[in-house]
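At position 50 of the sequence shown (counting the first as 1) the number is 43 in my numbering, and the numbers step up by one without a gap.
Note that the Cβ used here is the ideal one computed from N, Cα and C, for glycine as well.
The structure under discussion appears below in the form of structure tokens.
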Amino acid sequence: MPTQFLDLRLSEHNSGIGNVSQPLNVVPQLIGDLGIQTLGAVGTPNENDVRVSLTGSLTVYKFLDTPDDTDITVVIERNGNGTINSGTAIYESTVRPGPVQGTAFTISITASDFPNAAIVTNGQIRYSLFVYSTLEVGNDGVLLYAAVFNGVAMAGSN
């Protein structure tokens, strides 16, 4: 069976209007949520050959007095309920912005998923993007401005 395009989704997160931002701390925040449709492959030989490509980026600002050992972690989960650790983690990356402070930087995300037929036959796969830092609540040393999260589903072996 030829390759099938199944779905394309986009989730944008903006923490406010203009320059409004939100602090990142040890409490994970849901910043991207996609419902990738897989109905087109259900009942076909391609049901076992679905693959999902997930990409995204988030813009973060680190204050001048933020500790150099501050980490930022990004997690993508499959079929959770919008709360971290409620689904299957398919991607996790921790970055340390390092000594560059007082400027915005971008974290890029690229991940793939190869869900089995049991997951595909549900007709939709939910992917959730979370972010958190090692800073305690109340320490506003790292701010999130905006994030984008994209997903594309294809099926077939060609």
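Distance between Gly149 and Gly134 (C-alpha atoms, nearest Å): Looking up residue 134 in the sequence shown gives position 141. Looking up residue 149 in the sequence shown gives position 156. Cα-Cα distance, rounded: 46 Å.
Same chain, Cβ closer than 7 Å to Thr103, five either side skipped, listed in chain order: Numbered from 1 along the sequence shown, position 110 holds the residue referred to as residue 103. Contacts found: Thr48.
According to DSSP, residues forming a beta bridge with Leu136: Sequence index remark: in the sequence shown, residue 136 carries index 143 (1-based). Leu136 is bridged to Pro16 and Tyr54.
Cβ pair Asp58, Arg89 closer than 8 Å: Against the sequence shown, residue 58 aligns to sequence position 65. Against the sequence shown, residue 89 aligns to sequence position 96. It is not a contact, given that the beta carbons lie outside the stated cut-off.
Beta strand (DSSP E) runs wholly inside the segment 56 to 112, at least 3 long, in chain order: 65 to 71, 81 to 88 and 96 to 106
At least 3 beta-carbon pairs within less than 8 Å: the segment 65 to 78 vs the segment 115 to 130: yes
Identified DSSP bridge partners for Leu32: Position 39 of the sequence shown, counted from the start, is the residue given in the question as residue 32. In the DSSP output, where bridge partners are listed per residue, Leu32 has none listed.
Rounded separation between Phe107 and Leu17 - CA only: Here residue 107 refers to the residue found at position 114 when the sequence shown is read from its first residue. Here residue 17 refers to the residue found at position 24 when the sequence shown is read from its first residue. Their backbone Cα atoms lie some 30 Å apart in a straight line.
Buried or exposed by the 16-neighbour rule on C-beta atoms within 10 Å, applied to Gly131: Taking the first residue of the sequence shown as 1, we reach residue 131 at position 138. Answer is exposed; the Cβ neighbour count stays below 16.
Nearest candidate by alpha-carbon position, reference Val35, set Tyr138, Leu136 and Gln117: By one-based count along the sequence shown, residue 35 stands at place 42. Val35 has its Cα closest to that of Gln117, out of Tyr138, Leu136 and Gln117.
Coarse secondary structure for Glu164, derived from DSSP in three states: A question about residue 164 goes unanswered here, because the residues of the chain that appear run from -6 up to 151.
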